[in-house]
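J.:
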Amino acid sequence: MKGAFDAKMPEDIVTQLTNLAQGNESYAAFNQRIVNTKMPVIGVRVPDLRRLARELAPNMSAADISELLTAQNESFDYVLLC
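Following this note's numbering, the numbering of the sequence shown begins with 50 at its first residue and continues without gaps.
1. Got a sec, what are the start and stop residues for the alpha helix (DSSP H) T64 sits in?
2. Measure the CB-CB distance between A70 and D113 and report whether it falls below 8 angstroms.
3. For the alpha helix (DSSP H) containing E104, name the first residue and the last one.
4. Quick one: using the 10 Å Cβ neighbour count with 16 as the cut-off for buried, is V93 buried or exposed?
5. Less than 7 angstroms separating the Cβ of P96 from some heavy atom of the ligand COA?
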């Protein structure tokens with residue numbers, strides 16, 4: 050449903066990102082070395098981030114995206130997604 054921000058949505062997205070990052074520990078370590086951030090990098094590959102963004106975007110309004118950006122996020126991968 051477009052424009053219907055669910056307070057659980059950031060948690061659900063973090064769960065999806067964590068699932069996508071499974072098995073990518075070496076990729077996470079590599080990315081942590083090359084990105085200029087103090088945030089943890091969980092290791093979601095860019096094609097997977099893009100695929101998730103395409104799945105989420107049609108059902109989100111600009112206000113939903115703004116809410117996601119202001120939600121407490123814990124990883125660099127989350128920021129890239131938003």
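Beta carbons: idealized from backbone N, C-alpha and C, even for Gly.
T.: Let me lay it out:
1. 58 to 70
2. no
3. 95 to 105
4. buried
5. What this structure holds is no ligand at all, so the ligand COA is not there to describe.
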